[in-house]
Amino acid sequence: MTQPHPLQTNEPTIAAIHAAMKAGELTCRQLVQHYLNRIEAYDNQGPALNAIVLVNPRALGTADELDKHFANSGFVGPLHGIPIIVKDNYDTFDLPTTAGSLSLAGSIPPDDAFQVRKLREAGAIVLGKSNMAEFAFSPYQTVGSMLPGHTRNPYALNRTTAGSSGGTAAAVAANFGTVGLGTDTGNSIRGPSSHCCLVGIRSTMGLTSRDGIIPLYLGRDVGGPMARTVEDAVRIFDVLAGYDPADPVTAASKGKRAEAYIDFLDREGLEGARIGVARQLFSDETVDPRVVALLEQAVRDMVQQGAHIVDPVEIPDLSRLLADGASINTFHQDLNGYLASLGSDAPMKNLAEIVEARRYHPSISQSLKETLEESTPEEEAAHARIAKNVERLKEVVRATMDQAKVDTLIYPTWNNLPRLIGDLNTPHGNNSWKLSPPTGFPAITVPMGFVDGQLPAGLQFLGRAWSEPTLIKIVYAYEQSTQHRIPPASTPSLR
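The opening position of the sequence shown corresponds to residue 124 in our numbering, with each subsequent residue numbered one higher.
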């Protein structure tokens, strides 16, 4: 049977794109132009998603170079010609990196972030930089001073994309690029992916490098892929994962990185898998029952695929452990360290200069000023207590999973639907900060359906440290058996 041209599907995968290139039916230039046309049609006009801060003016030139290379000697690498949307807190040597803030306008780093460099070496094209919550502060909305206005959810234009990687989520969901990069400190790969019917991977802490990513809290920051399919997300993850001498935390990955994560895409991956349902994460009165209904259907779907369900799996003392503190605010020193890495060309030398210049969105004013305050002895003592508390949380989650003999814990990525833009009062339902960031364990979100046929919801799978192969098998099998991904109606195919 003849396969449709990948650009006629509106949601071309990496594999389909490469098959078309090999068949002589598609060039890198045509692919890049396809996405540029969509950005022009839908980002500032039409639905006006407001997702892209900057389009790379060299993208077509890079595509031409890759086409010449292909004609002479084939693909450069596993991501040959794949246009990628990069969140605006990843360093790019040829484009400004601002973290969504006017205070860093025009700041061009001396080199690429490690992850960006690895993608380019694999043949990917940085198509543009995406909007984000300024300095990644907000998990709830995507707004900053660099790009006026909120980023809109392509599934419901009056709704948020969550934060802070909402620009990447909206852009990938609307097919402005093949795949995207986000960052996740407490939520911001998985939350926006959930709100925009995408797959998002937060790795084990130490499996992916943070080098060249403007930090929020280094102890929690993780960068990773956001994509329309599990397979595409894993293809990106395969390029990103592994040791980076510039980031000491990745030394822990030596000997633990799988040779090829793509090998774990298994349609039968749910057969015999033990799935634990973490009901305590979606059991209070603020949870939307329609989201819970989607999870109950997901459980039934997994049983049909041969999974064994352990329901519920209760994590002892979870509420107390989270209430006692699961994070230490190190933004002040982390950001100052990043600004120093820019050298003499840095537009701002430290956080104090940023606060004094007042070139940022009013919504983060108070938070910025608070981070400047010197720590009191009481706060220093609290930091030591929180560090012990986090270690205890790791032990409890690991022991709970071991005792229940489960491969993964599942729960809604968000217990509630995407909020209306500007609404910071109704229950948010964000679950993502509770387990993966403080434990450092990996988590993947995949689409689990729509409420009222319109608003997406995501299902999150949490695993033990370094268990990405197991998670990938399970989430791929779930995705393939349910096929919940549907493109947004607001950004249809162009004629």
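Note that beta-carbon positions come from the ideal geometry of N, C-alpha and C, so glycine has one too.
Query raised in the report: Comparing alpha-carbon positions, which option in 593, 197, 213 and 208 lies nearest residue 294?
Result: 208
Query raised in the report: Can you list, in chain order, the residues of its chain whose CB lies under 6 Å from that of residue 129, leaving out five sequence neighbours each side?
Result: 135, 139, 140 and 143
Query raised in the report: In whole angstroms, what is the alpha-carbon distance linking residue 420 and residue 157?
Result: So the alpha carbons of these two residues sit roughly 37 Å apart.
Query raised in the report: Considering residue 237, what are the terminal residues of the beta strand (DSSP E) in which it resides?
Result: Premise fails: residue 237 lies in the alpha helix (DSSP H), 237-244, not in any beta strand (DSSP E).
Query raised in the report: So is residue 426 buried or exposed if we call it buried at 16+ other beta carbons inside 10 Å?
Result: exposed
Query raised in the report: Leaving out the 5 sequence neighbours to the left and right, which residues in its chain are closer than 7 Å to residue 242 when beta-carbon positions are compared?
Result: 202, 207 and 362, listed in sequence order.
Report task. Give me the Cα-Cα distance between residue 392 and residue 593, rounded to the nearest whole angstrom. Result -> 8 Å
Query raised in the report: Would you say residue 295 faces chain C, with C-beta separation under 8 Å as the test?
Result: Of the protein chains in this structure there is only one, and it is not chain C.
Query raised in the report: Residue ranges of each beta strand (DSSP E) run of no fewer than 3 residues wholly in the region 342-383, ordered along the chain?
Result: Segments of the beta strand (DSSP E) lying fully in the region 342-383: 345-350.
Query raised in the report: What are the partner residues of residue 209, as DSSP defines its beta bridges?
Result: 252 and 304
**Report entry** Terminal residues of the beta strand (DSSP E) in which residue 197 lies
**Finding:** First-last for residue 197: undefined, no H or E at that position.
Query - Every unbroken alpha helix (DSSP H) within the region 546-584, with a cutoff of 4 residues, ordered by chain - result: 559-562
Query raised in the report: Of the choices 439, 395, 463 and 334, whose alpha-carbon is the least far from that of residue 430?
Result: 395
Report task. Taking residue 397 as part of the alpha helix (DSSP H), name the residues at either end of that continuous run. Result -> Per DSSP, residue 397 belongs to no alpha helix (DSSP H); it is in the beta strand (DSSP E), 397-400.
Query - Counted within 10 angstroms of its Cβ, other Cβ atoms place residue 368 as buried (16 or more) or exposed - result: exposed
Query raised in the report: For the beta strand (DSSP E) that contains residue 607, what are its first and last residues?
Result: That residue, residue 607, is in no beta strand (DSSP E); it is neither H nor E in DSSP.
Query - Beta carbon of residue 560 nearer than 8 Å to that of residue 308 - result: yes
Query raised in the report: Measuring from the CB of residue 215, is there a heavy atom of the ligand SAM at a distance below 7 Å?
Result: With respect to small molecules bound, the structure shown includes none, and the ligand SAM cannot be examined in it.
Report task. Identify, in the order they occur along the chain, each residue of the same chain with its Cβ nearer than 8 Å to the Cβ of residue 388, setting aside the five sequence neighbours on each side. Result -> For residue 388, where only same-chain residues beyond five positions count, the Cβ hits under 8 Å are 353, 354, 357, 595, 596 and 599.
Report task. Could you pull out every residue in the same chain whose Cβ sits closer than 7 Å to the Cβ of residue 199, ignoring the five residues on either side in sequence? Result -> 189, 192 and 246
Report task. Could you tell me the distance, in whole angstroms, from the CA atom of residue 124 to the CA atom of residue 146? Result -> The predicted model places residue 124 with a pLDDT of 45, which falls under 50 and marks its position as unreliable, so this point remains unresolved.
Report task. Output yes or no for whether 8 Å exceeds the beta carbon distance between residue 166 and residue 299. Result -> yes
Query raised in the report: Which ranges would you report for the alpha helix (DSSP H) in the region 479-546 if only whole runs of at least 4 residues count?
Result: 488-495 and 500-527
Query raised in the report: Expressed to the nearest angstrom, what Euclidean distance is found between the alpha-carbon atoms of residue 318 and residue 179?
Result: 26 Å
Query - Own chain partners of residue 342 with C-beta closer than 7 Å, once the 5 adjacent residues on each side are dropped - result: 451 and 453
Report task. Report the three-state DSSP secondary structure of residue 272 (helix, strand or coil). Result -> coil
Requested in this report: Give the DSSP-derived three-state secondary structure of residue 189 in the structure shown.
Outcome: helix
Query - Bridge partner(s) assigned by DSSP for residue 218 - result: 215
Query raised in the report: Using a Cβ-Cβ cut-off of 7 Å (strictly less than) and excluding sequence neighbours within five positions of residue 584, which residues of its own chain qualify?
Result: Only 531, 533, 566, 567, 594, 597 and 598 meet the Cβ criterion.
**Report entry** Buried or exposed (CB count within 10 angstroms, at least 16 for buried), residue 508
**Finding:** Exposure of residue 508 is indicated by the presence of fewer than 16 other C-beta atoms within 10 angstroms of its C-beta.
Query raised in the report: Do you know offhand how far residue 615's Cα is from residue 133's?
Result: Note on geometry: alpha-carbon atoms of residue 615 and residue 133 lie some 8 Å from one another.
Query raised in the report: On the three-state DSSP scale, how would you describe residue 177?
Result: strand
Query - Contact check, residue 512 vs residue 444, beta carbons under 8 Å - result: yes
Query - Span separating the alpha-carbon of residue 475 from that of residue 462 - result: 12 Å
Query raised in the report: Are there 16 or more other CB atoms within 10 angstroms of the CB of residue 238, so buried, or fewer, so exposed?
Result: Within 10 angstroms of the beta-carbon of residue 238 lie 16 or more other beta-carbons, which makes it buried.
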